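Chains P and G supply the protein sequences, listed in that same order.
Its first residue numbered 1, the first sequence is counted upward by one per residue in UniProt numbering.
Its first residue numbered 1, the second sequence is counted upward by one per residue in UniProt numbering.
Reviewing the structure listed below.
Protein chains: 2
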Amino acid sequence: MDSISLSEVTVVRGTHLGFMHSFRQPFSGVTISPKFCFSKVEGARAISSSVSNTKSQYVYGESLAPTSDSGYYKMNGVNLKNRTLISSVKERLLLLDAYDDEYGGVVVDHGKLPSTPNAFALMLRNSLSDWKRKDKKGVWLKLPVEQSELVPIAIKEGFEYHHAEKRYVMLTYWIPEKEPCMLPANASHQVGVGGFVLNQHKEVLVVQEKYCTSTNTGLWKLPTGFINESEEIFSGAVREVKEETGVDTEFLEVIAFRHAHNVAFEKSDLFFICMLKPLSDKIIIDDLEIKAAKWMPLEEYVEQPMIRGDKMFKRVIEICEARLRHRYCGLSPHRLISSFDGRPSSLYYNVVDDDHDPSHSNCSTDFYE
Amino acid sequence: MDSISLSEVTVVRGTHLGFMHSFRQPFSGVTISPKFCFSKVEGARAISSSVSNTKSQYVYGESLAPTSDSGYYKMNGVNLKNRTLISSVKERLLLLDAYDDEYGGVVVDHGKLPSTPNAFALMLRNSLSDWKRKDKKGVWLKLPVEQSELVPIAIKEGFEYHHAEKRYVMLTYWIPEKEPCMLPANASHQVGVGGFVLNQHKEVLVVQEKYCTSTNTGLWKLPTGFINESEEIFSGAVREVKEETGVDTEFLEVIAFRHAHNVAFEKSDLFFICMLKPLSDKIIIDDLEIKAAKWMPLEEYVEQPMIRGDKMFKRVIEICEARLRHRYCGLSPHRLISSFDGRPSSLYYNVVDDDHDPSHSNCSTDFYE
Chain P
1 MDSISLSEVT VVRGTHLGFM HSFRQPFSGV TISPKFCFSK VEGARAISSS VSNTKSQYVY
61 GESLAPTSDS GYYKMNGVNL KNRTLISSVK ERLLLLDAYD DEYGGVVVDH GKLPSTPNAF
121 ALMLRNSLSD WKRKDKKGVW LKLPVEQSEL VPIAIKEGFE YHHAEKRYVM LTYWIPEKEP
181 CMLPANASHQ VGVGGFVLNQ HKEVLVVQEK YCTSTNTGLW KLPTGFINES EEIFSGAVRE
241 VKEETGVDTE FLEVIAFRHA HNVAFEKSDL FFICMLKPLS DKIIIDDLEI KAAKWMPLEE
301 YVEQPMIRGD KMFKRVIEIC EARLRHRYCG LSPHRLISSF DGRPSSLYYN VVDDDHDPSH
361 SNCSTDFYE
Chain G
1 MDSISLSEVT VVRGTHLGFM HSFRQPFSGV TISPKFCFSK VEGARAISSS VSNTKSQYVY
61 GESLAPTSDS GYYKMNGVNL KNRTLISSVK ERLLLLDAYD DEYGGVVVDH GKLPSTPNAF
121 ALMLRNSLSD WKRKDKKGVW LKLPVEQSEL VPIAIKEGFE YHHAEKRYVM LTYWIPEKEP
181 CMLPANASHQ VGVGGFVLNQ HKEVLVVQEK YCTSTNTGLW KLPTGFINES EEIFSGAVRE
241 VKEETGVDTE FLEVIAFRHA HNVAFEKSDL FFICMLKPLS DKIIIDDLEI KAAKWMPLEE
301 YVEQPMIRGD KMFKRVIEIC EARLRHRYCG LSPHRLISSF DGRPSSLYYN VVDDDHDPSH
361 SNCSTDFYE
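So this is what it looks like as structure tokens:
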């Protein structure tokens with residue numbers, strides 16, 4: 001498989017196998033489980049190799065070190081009979097290594113990029129002509145940070161930024177002039193969690209943050225934070241509470257969530273309000289971001305002007321209180337694997353009310369014992 | 001305000017005012033409402049201008065056209081009395097235009113970048129030395145697509161990619177060597193929706209997709225898709241159903257959601273399963289991505305081998321059925337503005353059970369009438 005990662009291969013518009021979203025411009029990332037993916041890669045390779053077995057790296061007037069072990073082709077070593085053959089061989093030689101995706105597009109192999117900007121410029125231009133001639137659709141070009149000098153070259157050829165991570169930038173090019181771009185968009189959301197932790201004395205765990213606007217100075221608030229990469233909501237909430245206050249907790253339920261737009265980097269934000277059961281009470285604060293933390297009587301917390309005057313917070317507290325009286329059902333996570341993608345994931349839902357076992361419901365779970 | 005957008009100014013680690021997340025590496029985007037933001041920008045400008053009133057663009061041996069209307073400074077025009085003064089003035093001249101953020105970092109003004117790579121290289125190096133001397137923390141450098149030739153220069157100086165959108169790439173540099181990087185991470189999630197639409201004949205609205213794996217060929221599935229930029233979950237679900245099938249619907253509830261990781265571009269995925277009430281029944285399919293759509297008896301839908309054999313789908317159908325019998329409460333959206341950020345947003349929760357008005361509950365809302 002060389003240096004091509006599975007996720008890269010599957011980054012094409014298409015059905016969302018994770019739970020079967022259909023693609024739909026502009027949002028349509030793809031998830032494909034390894035079992036599907038492998039055959040796809042093989043398929044793509046098979047198609048690709050039938051037309052590019054002799055594809056290699058060669059550039060006029062430049063010493064070009066191949067960036068992978070793939071054998072490369074010496075111009076002088078070819079037995080060229082006539083001018084036509086020369087140009088057809090040349091043409092093939094000067095293409096970027098790429099493979100087809102299953103949506104009519106191509107993925108450039110970032111492990112086999114030419115090592116010099118001039119070589120890249122020439123090969124990219126040739127490849128674009130070739131892809132256009134073949135009626136290709138979307139082109140994916142991942143440029144590793146080590147080859148950032150290729151970025152302006154690709155931009156000059158008409159590529160656009162798609163997304164970037166620490167070690168690379170992904171560029172795309174939509175070839176069909178008369179079709180709307182169907183390439184999937186980048187990640188759209190950040191996800192935060194807030195922990196509502198109440199002890200048996202009806203005291204809620206609150207913090208004061210070091211970095212806050214003047215409006216919020218002195219406000220006692222719930223511990224909150226963003227979930228880490230690939231972290232679960234339930235474990236993110238427990239971790240944040242532990243990090244900020246030192247208190248161990250058990251996740252109970254997502255009781256509500258908030259959806260807001262144009263937040264950091266113009267992205268959207270999903271914030272999950274979680275009820276947690278305290279397992280310890282000793283407070284040890286995180287000096288880096290927390291000024292103070294304490295257990296505060298719920299009434300006192302609610303009476304803070306910033307909370308009392310805020311519709312959103314008032315509603316959240318009402319919900320938490322209703323939950324304590326078993327008058328509200330939040331959603332709890334259940335680990336399930338779907339055979340569609342073989343991917344372990346968490347499905348958040350109420351436990352369905354069950355006549356045979358009335359205790360078998362979120363609402364009936366006691367919050368503190 | 002020149003070309004600096006509000007969102008750019010606020011892209012710094014810090015409290016999440018939207019619902020007050022605390023920052024926490026690696027996830028800590030920031031949301032600041034315009035009213036906060038404006039004073040911040042003004043503040044940053046005030047600080048910045050006190051040290052850089054004469055800051056301008058000048059580069060040795062290059063004709064340098066200022067990229068904004070800000071007046072620029074001619075070296076020859078300065079009345080320089082001695083060598084020390086020259087070097088101190090020069091030093092100031094050769095810095096990038098930037099302003100402080102409130103977390104000890106700096107934001108380079110992308111509207112005032114020098115227009116040539118050499119000038120940028122020189123000024124970036126000088127600025128980095130200056131910021132290091134001043135114990136600055138995170139540096140934010142947004143490079144518009146029109147100046148992509150500056151990307152490799154910044155990378156060479158030690159910058160890393162942070163994220164990218166169509167028209168720009170954002171790079172960052174964390175200066176403190178002994179402190180862990182506290183810069184917020186990029187967006188982490190894509191968000192999908194699936195619509196469960198049942199009519200009064202207990203038929204569910206299903207589709208067959210054009211692009212699917214061989215395993216799923218012939219499968220009738222719920223209409224699904226990704227939500228658009230800044231789109232609500234409830235409107236995204238209604239739009240997807242309309243686009244794929246032509247059927248008008250009314251959003252009722254999020255009945256469950258699924259959280260999965262390492263999906264497209266190695267990001268995570270949140271998928272919301274929504275119950276929708278049909279308002280029309282005529283089917284007009286979207287030729288681009290849908291092969292067929294129809295109303296299918298619920299029993300028949302459930303009996304499909306791929307659905308019957310899948311724990312995740314089985315559970316989702318159980319939930320939908322429980323919901324129809326008023327034995328399950330989903331979450332419904334309520335538009336609320338929090339005074340913390342003045343941002344209109346949707347809070348999804350059950351309607352709290354109300355003794356005075358028992359109909360005031362999600363569970364009691366009839367699914368079809």
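A virtual CB, placed ideally from N, CA and C, is assigned to each residue, including glycine.
In this text, all values refer to a predicted model and were calculated from it rather than measured experimentally.
Min CB distance K242 (chain P) to chain G below 9 Å: no
Per DSSP, cross-strand counterpart(s) of C274 (chain G): Note: C274 (chain G) sits in a beta bridge opposite G:G195, G:V254.
Own chain residues within Cβ distance below 6 Å of C181 (chain G), not counting five before or after: W174
Run of the alpha helix (DSSP H) containing G236 (chain P), from where it starts to where it stops: 233-245
Neighbourhood of R335 (chain P) by C-beta, 7 Å cutoff - its chain only, sequence neighbours within 5 removed: P344, S346.
Under 8 Å between beta-carbons, which chain P residues line up against E157 (chain G)? List them in chain order, please. Correct list: empty, because the minimum Cβ distance to chain P is about 11 Å.
With three or more C-beta pairs closer than 8 Å as the rule, is the stretch 226-245 of chain P touching the stretch 263-282 of chain P? yes
Output the residue ranges of the alpha helix (DSSP H) runs that lie fully inside the stretch 270-334 of chain G and measure 4 residues or longer, sorted by chain position. Within the stretch 270-334 of chain G, the complete alpha helix (DSSP H) runs of at least 4 residues are 298-302, 305-308, 311-324.
Is it right to say D100 (chain G) is buried, meaning 16 or more other beta carbons lie within 10 angstroms of its own, or is it exposed? Burial check for D100 (chain G): the Cβ neighbour count within 10 Å reaches 16 or more, so the residue is buried.
Do N199 (chain P) and D269 (chain P) have their CB atoms nearer than 9 Å? no
Any chain P beta carbon closer than 9 Å to E177 (chain G): Chain P has no Cβ within less than 9 Å of the Cβ of E177 (chain G).
Is there a Cβ from chain G that is less than 9 Å from the Cβ of L288 (chain P)? yes
For the stretch 314-325 of chain G, enumerate the residues whose C-beta is nearer than 8 Å to any C-beta of chain P, in chain order. R315, V316, E318, I319, A322
Can you check DSSP and say which residues form a bridge with residue 370 (chain P)? Any property of residue 370 (chain P) remains undetermined from this structure, which presents chain P solely from 1 to 369.
Can you give me the C-alpha to C-alpha distance between F257 (chain P) and P333 (chain G), rounded to a whole angstrom? Between F257 (chain P) and P333 (chain G), the C-alpha separation is close to 9 Å.
Indicate whether at least one CB of chain P lies closer than 9 Å to the CB of N262 (chain G). Yes, contact with chain P.
DSSP three-state label for M123 (chain P), please. helix
Going straight from the alpha carbon of A119 (chain G) to that of R125 (chain G), what length do you get? 10 Å
Measuring CB to CB, does I283 (chain G) end up less than 9 Å from E209 (chain G)? Not in contact: I283 (chain G) and E209 (chain G) (Cβ atoms no closer than 9 Å).
Is L113 (chain P) close to chain G, meaning its C-beta is less than 9 Å from at least one C-beta of that chain? no
Inter-stretch contact at 8 Å, needing at least 3 Cβ pairs: the stretch 184-198 of chain P / the stretch 145-157 of chain P: no
State the beta-bridge partners of D130 (chain G) as determined by DSSP. D130 (chain G) is not bridged to any residue.
Taking the C-alpha atoms as reference points, what is the distance between K142 (chain G) and H201 (chain G)? Distance between the alpha carbons of K142 (chain G) and H201 (chain G) is about 56 Å.
Does any CB atom of chain G fall closer than 9 Å to the CB of R258 (chain P)? yes
Endpoints, the beta strand (DSSP E) within which K142 (chain P) is located: For K142 (chain P), the enclosing beta strand (DSSP E) covers residues 138-144.
Take G158 (chain P) as the anchor and find which of P:E146, P:P278, P:T172, P:E149 has the nearest alpha-carbon. Closest in C-alpha terms to G158 (chain P), from the list P:E146, P:P278, P:T172, P:E149, comes P:T172.
What residues from chain P crowd round A121 (chain G), counting only those whose CB sits closer than 7 Å? Correct list: empty, because the minimum Cβ distance to chain P is about 13 Å.
Please report the distance separating the alpha-carbon of V145 (chain P) from that of V197 (chain G). Between V145 (chain P) and V197 (chain G), the alpha-carbon positions lie close to 46 Å from each other.
Apply the 10 Å Cβ neighbour rule to K112 (chain G) and answer buried if 16 or more other Cβ atoms are within range, or exposed otherwise. buried
Assign E177 (chain G) to one of two classes, buried (16 or more other C-beta atoms within 10 Å of its C-beta) or exposed (fewer than that). Result: exposed.
Please name the residue or residues paired with residue 376 (chain G) in a DSSP beta bridge. Coverage of chain G is limited to positions 1 through 369, which leaves residue 376 (chain G) absent and any answer about it impossible.
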